[in-house]
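In the numbering used here, the protein residues as written are 1134 to 1448.
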């Protein structure tokens, strides 16, 4: 055969093979693109389904919290005797602390120590009094909550805890006002602006709210919902609080095996916060500075950010 004709036949056969291979490659590309698009659509739909499910779950929990909060508010504020008792408790506590430390100055070392003790005792007793009342009420109500959650499954534990804190917040704010005003005015704490008394009030409110949260924790840890058994937990905890708060024993003098317990002590954060606000940069009549007193207590000056954040985290 002529070599030229043989070359033309080979060229035509190669062209046909190349065209068929290109067509098959195009089909494979189209099929692969369709498959990727289908998988992407499936992933998008599954992601969208997860997002919608999460939003639905969040809305469901929010609705549970809303309903339980309103139920708790109506139950609390229909009991006029309980509200009166909470306010009277704050008034008696404020009068007791204020009259025992009436018009303190900073001329002597004893008065400076008394001033520091007023801050610590106010934070400790306002939290303890609220915790005892809340723990008693929770031990009475928890059997009903257990039945509603266990048998009927009406709501989640998260909704119950959040609603308990939200429902008690207005009562805690109302009861904190006379306590803060009486202690601040009778004792004669730091004057000169709105910052110091407002911080004192906010600290008392936060301590009362965390006491309510701790009462819920104690009531939940006792399966029998017995008030006598549940009170054993805060009794032991308050002993640790007294040691590690920083009033009776300076933080720097505590052994390392005990000093770390201050990080789980809410009274330590409240005491540290208010002591810093009251004494930072203050020239005392005795001739020393408030920063020196804070240093002796083991606290820092101008420590006004970490303690309130720690209280919120504790709650």
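Glycine included, every Cβ here is placed at the ideal spot set by N, Cα and C.
Q: Starting from the C-beta of residue 1259, find all residues in its chain whose C-beta is less than 7 angstroms away, skip the five residues before and the five after it, and write them out in chain order.
A: Translated into the one-based positions of the chain shown, residue 1259 becomes position 126. Answer for residue 1259: 1226, 1312, 1337, 1340 and 1341, listed in chain order.
Q) Considering only residues of the same chain and omitting the five flanking positions on each side of residue 1444, which have a CB-CB separation below 7 angstroms? A) On the chain shown, residue 1444 is found 311 positions in, with the first residue counted as 1. Counting only Cβ-Cβ distances below 7 angstroms, and skipping sequence neighbours, we find 1339, 1343, 1399, 1402 and 1403.
Inset, instruction - Please classify residue 1388: is it buried, with 16 or more other beta-carbons within 10 angstroms of its beta-carbon, or exposed? - result: For the purposes of this step, residue 1388 is taken as residue 255 along the chain shown, with counting starting at 1. The residue is exposed, with fewer than 16 neighbouring Cβ atoms inside 10 Å.
Which two residues bound the contiguous alpha helix (DSSP H) that contains residue 1303?
Walking along the chain shown from the start, residue 1303 turns up at place 170. Residue 1303 -> alpha helix (DSSP H) spans 1290-1320.
*Where do the ends of the alpha helix (DSSP H) carrying residue 1370 lie?*
Taking the first residue of the chain shown as position 1, residue 1370 is located at position 237. If you look at residue 1370, you'll find it in the alpha helix (DSSP H) that goes 1365-1377.
- prompt: Taking Cβ positions, are residue 1417 and residue 1245 nearer each other than 8 angstroms?
  reply: The sequence position of residue 1417 within the chain shown is 284, counting from 1. The sequence position of residue 1245 within the chain shown is 112, counting from 1. Contact: yes.
- Between the CA atoms of residue 1232 and residue 1439 - distance to the nearest angstrom: Mapped onto the chain shown, residue 1439 falls at position 306. Mapped onto the chain shown, residue 1232 falls at position 99. Approximately 32 angstroms between the Cα atoms of the pair.
Are the CB atoms of residue 1410 and residue 1332 within a distance shorter than 8 angstroms?
As a first step, residue 1332 must be located in the chain shown, where it is residue number 199. As a first step, residue 1410 must be located in the chain shown, where it is residue number 277. In this structure, residue 1410 lies closer than 8 angstroms to residue 1332 by Cβ.
With three or more C-beta pairs closer than 8 angstroms as the rule, is the stretch 1285-1293 touching the stretch 1367-1375?
no
Taking the beta carbon of residue 1236 as the centre, do at least 16 other beta carbons fall within 10 Å, making it buried, or is it exposed?
Position 103 of the chain shown, counted from the first residue, corresponds to residue 1236. Exposed is the call here.
Quiz item: What separation, rounded to the nearest whole angstrom, lies between the Cα atoms of residue 1253 and residue 1380?
Solution: Position 120 of the chain shown, counting from 1, holds the residue named residue 1253. Position 247 of the chain shown, counting from 1, holds the residue named residue 1380. Spanning the two alpha carbons is a distance of roughly 7 angstroms.
Measuring only the C-alpha atoms, how far is residue 1361 from residue 1314? For this step, residue 1361 is matched to residue 228 along the chain shown. For this step, residue 1314 is matched to residue 181 along the chain shown. The alpha-carbon of residue 1361 is positioned some 33 angstroms away from that of residue 1314.
**Bridge partners - residue 1416, DSSP secondary structure assignment** = The count along the chain shown starts at 1 and reaches residue 1416 at position 283. Answer is 1422.
Within 10 Å of its beta-carbon, does residue 1283 have 16 or more other beta-carbons around it, so buried, or fewer, so exposed? To locate residue 1283, count along the chain shown from 1; it is residue 150. Flag for residue 1283 reads exposed.
For residue 1206, which residues of its own chain have a beta-carbon under 6 angstroms away from its beta-carbon, when the five flanking residues on both sides are left out? Taking the first residue of the chain shown as 1, we reach residue 1206 at position 73. Excluding sequence positions up to five before and after residue 1206, its CB lies within less than 6 angstroms of the CB of 1300, all in the same chain and listed in chain order.
Exercise for the section: Go ahead and pull the three-state DSSP assignment for residue 1325. Expected result: As a working note, residue 1325 is residue 192 in the chain shown. Correct three-state label for residue 1325: coil.
request  = Rounded to whole angstroms, what's the CA-CA distance from residue 1241 to residue 1348? Just pull it up for me.
outcome  = Stepping through the chain shown from its first residue, residue 1241 is reached at position 108. Stepping through the chain shown from its first residue, residue 1348 is reached at position 215. Taking C-alpha positions only, residue 1241 is separated from residue 1348 by approximately 39 angstroms.
Going by Cα to Cα distance, which pick from 1442, 1429 and 1217 is closest to residue 1308? Here residue 1308 refers to the residue found at position 175 of the chain shown. Residue 1217 is the option with its Cα nearest to residue 1308.
Going by DSSP, what residue range makes up the alpha helix (DSSP H) through residue 1358?
Taking the first residue of the chain shown as 1, we reach residue 1358 at position 225. It is not in any alpha helix (DSSP H) - residue 1358 carries neither H nor E in the DSSP assignment.
message = If you reduce the DSSP assignment to three classes, tell me which class residue 1433 lands in.
response = As a position in the chain shown, residue 1433 is number 300, starting the count at 1. Here residue 1433 sits in coil by DSSP.
Notebook entry, point to check: Taking Cβ positions, are residue 1405 and residue 1377 nearer each other than 8 angstroms?
Noted result: Here residue 1405 corresponds to residue number 272 of the chain shown, with the count starting at 1. Here residue 1377 corresponds to residue number 244 of the chain shown, with the count starting at 1. It is not a contact, given that the beta carbons lie outside the stated cut-off.
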